[in-house]
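Residue numbers (this note's numbering): 886 to 1244.
Right, here's the structure in full:
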């Protein structure tokens, strides 16, 4: 019996276009890495439970409580009202710590974070929600701009290493080393006081009420230029330096050398092969930055008197408003964990080696 000769493909095999053998095997399976995602989800759920437990215990381990601090400022409160207030805040001494912990979880699962003594007995969810809008709108927008500009700029600088563009790295790094409050005060002194181009602080002008109108939106943007600009300038150097260093590492890889030897267009090699792999470590840092957006930039919000979550946390700490502090900490914790989980999911789909490990 004669052996059947294998049929050769009509087109030559392109290693760059098809990828390595391991990559082709992963593409052939093309399945969602459920084991990896399940393990990460379990880890983050455990971390969330631990963070919530610590968030519950911290105020109870501190000296005094929110009611004692409130009574020091309001001496006309009767003892009966003080006890009722402690029960309302979940600080009832008649209950054991375990019962308080169970009650805390019960309120938490219902979306009840307690009441804020600093804000006239308003619900903590309402107070944090109002500040969260301003923080996410300002710090979130500034972080996205800084990440995009820094990553793209760092990729170009790394690709053209040895050129005049290298001067951008020390310049941007210099601004990132300046203390933030000095950078903010300098921006206020030059652009608000001397030139009068922008307001000194606040989120919108005096006498204006929040509403969906072009006049109000324009005023909010006008007030947000200086704080957003200082955030971008202060964080741009880190993104650019990180991407540039990763590009220098990736450019020495064999697949980039082969792609250049095949005569591929430089822009295709830059963005499809070099930058695409160099940006992967940036995703983890970007996820952390997104998570901490919710926490806001306390120094920025204090310098510019911006009504964000960072300034709210500082005010709650000074007033020892434990319920409000717990609410802010919880929102920050959840946002950081969620951002990291999304980064892990994105990593699993962008990096084939994650799926290959599970396979």
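Ideal placement from N, C-alpha and C gives every residue a C-beta, glycine not left out.
Closest Cα partner of residue i within the set the options
{"i": "residue 1135", "options": "1046, 961, 984 and 1109", "result": "1046"}
{"i": "residue 1087", "options": "1225, 1023, 1210 and 1199", "result": "1023"}
{"i": "residue 1155", "options": "1133, 1170 and 1105", "result": "1133"}
{"i": "residue 1106", "options": "939, 1124 and 1019", "result": "1019"}
{"i": "residue 1017", "options": "1093, 1195, 923 and 938", "result": "1195"}
{"i": "residue 995", "options": "967, 1001, 1010 and 984", "result": "1010"}
{"i": "residue 939", "options": "1199, 986, 980 and 1169", "result": "986"}
{"i": "residue 1145", "options": "1082, 1052 and 1044", "result": "1044"}
{"i": "residue 1277", "options": "1213, 1188 and 1064", "result": "What is shown of the chain runs 886 to 1244, which leaves residue 1277 out entirely."}
{"i": "residue 1217", "options": "954, 945, 920 and 1173", "result": "1173"}
{"i": "residue 1248", "options": "1186, 1231 and 1212", "result": "Nothing about residue 1248 can be read from this structure; the chain reaches only from 886 to 1244."}
{"i": "residue 1186", "options": "1204, 1021, 1091 and 937", "result": "1021"}
{"i": "residue 1137", "options": "961, 1147 and 1163", "result": "1163"}
{"i": "residue 1204", "options": "954, 1052, 1008 and 1098", "result": "954"}
Residue i classed as buried or exposed, judged by whether at least 16 other C-beta atoms fall within 10 angstroms
{"i": "residue 1056", "result": "exposed"}
{"i": "residue 1080", "result": "exposed"}
{"i": "residue 1229", "result": "buried"}
{"i": "residue 1171", "result": "buried"}
{"i": "residue 902", "result": "At residue 902, the pLDDT of 46 sits below 50, so the modelled position is not reliable; the number obtained from the coordinates is stated separately. By the neighbour-count rule (16 or more Cβ atoms within 10 Å), residue 902 is not buried but exposed."}
{"i": "residue 1124", "result": "buried"}
{"i": "residue 1161", "result": "exposed"}
{"i": "residue 1078", "result": "exposed"}
{"i": "residue 1131", "result": "buried"}
{"i": "residue 899", "result": "Reliability fails at residue 899, whose pLDDT of 45 lies under 50, so the model's placement of it is uncertain and no value is given."}
{"i": "residue 893", "result": "Unreliable placement is indicated for residue 893, whose pLDDT of 41 sits below 50; no coordinate value is reported for it."}
{"i": "residue 1108", "result": "buried"}
{"i": "residue 984", "result": "exposed"}
{"i": "residue 1100", "result": "exposed"}
{"i": "residue 1178", "result": "buried"}
{"i": "residue 964", "result": "exposed"}
{"i": "residue 1210", "result": "buried"}
{"i": "residue 1153", "result": "exposed"}
{"i": "residue 1247", "result": "Residue 1247 is absent from the model: the chain starts at 886 and stops at 1244."}
{"i": "residue 1052", "result": "exposed"}
{"i": "residue 1224", "result": "buried"}
{"i": "residue 1150", "result": "exposed"}
Endpoints, alpha helix (DSSP H) assigned at residue i
{"i": "residue 1083", "result": "Premise fails: residue 1083 is in no alpha helix (DSSP H) and is neither H nor E."}
{"i": "residue 1140", "result": "1139-1146"}
{"i": "residue 1044", "result": "1026-1044"}
{"i": "residue 1114", "result": "1099-1135"}
{"i": "residue 1060", "result": "1053-1062"}
{"i": "residue 1157", "result": "Taken as a continuous stretch (DSSP letters only), residue 1157 belongs to no alpha helix (DSSP H), as it is neither H nor E."}
{"i": "residue 1188", "result": "1183-1188"}
{"i": "residue 1203", "result": "1194-1204"}
{"i": "residue 985", "result": "982-994"}
{"i": "residue 966", "result": "964-973"}
{"i": "residue 1076", "result": "From DSSP, residue 1076 is part of no alpha helix (DSSP H); its letter is neither H nor E."}
{"i": "residue 1072", "result": "1065-1072"}
Residue(s) in a DSSP beta bridge with residue i
{"i": "residue 1007", "result": "1001"}
C-beta contact flag for residue i and residue j at 8 Å
{"i": "residue 1004", "j": "residue 1012", "result": "yes"}
{"i": "residue 1041", "j": "residue 1050", "result": "yes"}
{"i": "residue 1119", "j": "residue 1026", "result": "no"}
{"i": "residue 989", "j": "residue 941", "result": "yes"}
{"i": "residue 1202", "j": "residue 1116", "result": "no"}
{"i": "residue 1184", "j": "residue 1158", "result": "no"}
{"i": "residue 1139", "j": "residue 1001", "result": "no"}
{"i": "residue 933", "j": "residue 1222", "result": "yes"}
{"i": "residue 956", "j": "residue 1034", "result": "no"}
{"i": "residue 1126", "j": "residue 1028", "result": "no"}
{"i": "residue 929", "j": "residue 1226", "result": "yes"}
{"i": "residue 971", "j": "residue 1054", "result": "no"}
{"i": "residue 998", "j": "residue 1193", "result": "no"}
{"i": "residue 1258", "j": "residue 1067", "result": "With the chain represented from 886 up to 1244, any question about residue 1258 goes unanswered, as that position is not in the structure."}
{"i": "residue 1092", "j": "residue 1104", "result": "no"}
{"i": "residue 1215", "j": "residue 962", "result": "no"}
{"i": "residue 1073", "j": "residue 1085", "result": "yes"}
{"i": "residue 952", "j": "residue 967", "result": "yes"}
Residue-chain proximity (residue i, chain D), Cβ-Cβ < 8 Å
{"i": "residue 1185", "result": "Looking for chain D here will not work: only one protein chain is present."}
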